[in-house]
Structure formats: C-alpha cells, structure tokens
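Take a look at the structure below.
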Amino acid sequence: MQSLVRNGVLLRLPPGFRFHPTDEDLVVHYLRRKVLSLPLPSSIIPEIELANFSPWDLPGCSTEERYFFNFKYPRRMNRAAGSGYWRATGKEKAVLDGGRVVMGIRKTLVFYQGKGLNGRRTEWVMHEYRLIGAGENTGCVRGWVLCRVFAKRKTAAVGRDDDGCQLNGYIEQQPSPASSEVSCVTDGGEEGGD
C-alpha cells in the first residue's frame with residue numbers, strides 16, 4: 047500500500063493506487079489550480095517548507111517519488127535545505143498544455159550534502175515546476191511551485207515491503223539445509239527450539 051503525508055497525517059492509499067502524474071498533469075491540473083485558488087482534483091499533494099528538510103527526512107516513503115507544494119521566493123538565491131543545499135543542473139524544460147501552449151517550466155536540482163564547495167553530490171533529485179505566462183502569479187511576493195523529490199538509484203534487484211516501498215539491497219536469507227534449528231520468541235521473551 048502506498049503512503050503519503052498530508053498535514054502531518056500519514057495517508058494510506060488503497061492497494062493498486064499509484065500516483066504517477068505526467069509533467070503536464072502536475073502543471074495544468076495541480077499547480078495552476080493551486081495558484082489560482084481553484085479546487086484540486088485530489089488533496090494528495092501536501093504543502094511543506096522544503097528548506098526545513100534534507101530530502102531523506104521528508105514525509106512519506108523515501109524510496110518513492112514524493113510531491114509537495116512549496117512557496118517560491120523570487121529573490122531567494124540560496125537553496126539551503128536541512129544538512130545541505132539544492133543546486134540547479136541542466137537546462138530548464140518547457141511543460142506544454144496539450145502539446146501546444148507552454149504552461150510551465152521544469153527545473154532539475156540535485157541535493158548536495160554539506161556547505162559550499164565542500165558539498166558532496168547525493169543521489170537525491172528534485173524537479174521543481176513553476177508556471178509561466180498568464181498563469182503565473184507575478185503580482186505576489188511569493189508564489190507556489192510544485193516539487194517532485196526522488197532518489198535516483200543505480201539499477202539493482204529491488205523488492206517491495208508490505209507498504210509498497212522498495213527494499214533496495216535487502217536479501218532475505220533462506221535457512222540452509224544443514225541448519226535444522228528453529229528459533230522463536232514467545233510472549234515471555236524466551237528463545238527456544240521446536
């Protein structure tokens with residue numbers, strides 16, 4: 047079962063439910079509606095101050111993509127967050143509405159642990175979406191952005207736990223045929239073999 051956090055409360059989504067929106071979905075159906083104070087299709091994306099967290103400390107399952115609304119301060123150049131900082135990488139990508147009109151921009155950032163030149167690049171990536179043009183709230187001192195945060199992992203054997211979170215590097219040991227001893231814990235906390 048997939049888990050999300052909303053207003054500090056852990057939400058459990060039903061089995062089989064996966065929130066996997068496209069860039070267009072995020073900008074058109076969530077961010078644009080949030081900026082214009084229109085009802086959202088779902089209350090699945092929480093508001094959070096990303097600067098208060100390192101990416102691994104963010105609410106939700108740390109092995110899956112997580113989505114957050116965050117305030118964007120236009121004059122804030124410092125991207126300090128938790129134990130490090132976010133640094134922009136690559137070119138910004140236009141997000142089109144129906145493949146025709148540019149509605150927003152996706153900026154990719156990578157999290158560096160530490161400060162300044164001593165920062166160490168991590169596997170954490172953030173896609174930050176912002177509106178442009180008529181949908182942008184240019185009159186505000188601060189506005190909304192929508193962020194997708196995830197850990198970019200190398201290909202490996204991946205399993206899933208009961209909550210649907212990935213178990214990277216987890217190998218379940220099988221008892222060897224030579225070992226016939228079974229250990230269990232009883233209500234009294236004693237160990238014994240059967």
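Residue numbering for the sequence shown follows the numbering used here, starting at 47 and increasing by one per position. Where is the CB? At the ideal position from N, CA and C, for every residue including glycine. The model shown is predicted, which means the values in this text are computed figures rather than measured ones.
Please classify residue i as buried or exposed, where buried requires at least 16 neighbouring CB atoms within 10 angstroms.
i: Phe157; result: buried
i: Tyr119; result: exposed
i: Phe114; result: buried
i: Gly106; result: buried
i: Pro101; result: buried
i: Ala203; result: Confidence at Ala203 is low in this model, with a pLDDT of 49, below 50, so its placement is unreliable and the value that follows should be read with caution. It counts as exposed.
i: Tyr216; result: Note that Tyr216 has pLDDT 36, beneath the 50 cutoff, so the model's placement of it is unreliable and the number below is only indicative. Tyr216 should be labelled exposed.
Verify whether the separation of the beta carbon atoms of residue i and residue j is less than 8 Å.
i: Trp190; j: Leu77; result: yes
i: Cys193; j: Leu86; result: no
i: Thr135; j: Leu155; result: yes
i: Phe196; j: Glu138; result: no
i: Arg176; j: Gly150; result: yes
i: Glu174; j: Lys198; result: no
i: Gly160; j: Arg166; result: yes
Hey, quick one: how far does the alpha helix (DSSP H) through residue i stretch, first residue to last?
i: Arg125; result: Where Arg125 is concerned, there is no enclosing alpha helix (DSSP H), given that its DSSP letter is neither H nor E.
i: Lys80; result: Arg78 to Val81
Quick one: what's residue i bridged to in DSSP?
i: Cys193; result: Phe114 and Glu174
i: Arg166; result: Gln159
i: Glu93; result: Phe115
For the beta strand (DSSP E) that residue i lies in, which residues bound it at each end?
i: Arg133; result: Gly130 to Asp143
i: Tyr158; result: Val147 to Gln159
Looking at C-alpha atoms only, which residue of the options is the closest neighbour of residue i?
i: Ser129; options: Phe114, Val195 and Asn98; result: Asn98
i: Val147; options: Glu70, Lys80 and Pro61; result: Glu70
i: Ile91; options: Thr109, His66, Ser100 and Lys198; result: His66
i: Asn116; options: Gly160, Thr68 and Lys80; result: Lys80
i: Thr68; options: Arg199, Ala140, Leu84 and Trp102; result: Ala140
i: Leu257; options: Tyr131, Gly62, Thr109 and Val171; result: Outside the displayed range of the chain (47 to 240) lies residue 257, so it cannot be described from this structure.
i: Gly145; options: Met172, Glu93, Val74 and Leu82; result: Val74
i: Leu142; options: Gly62, Phe63 and Ile178; result: Ile178
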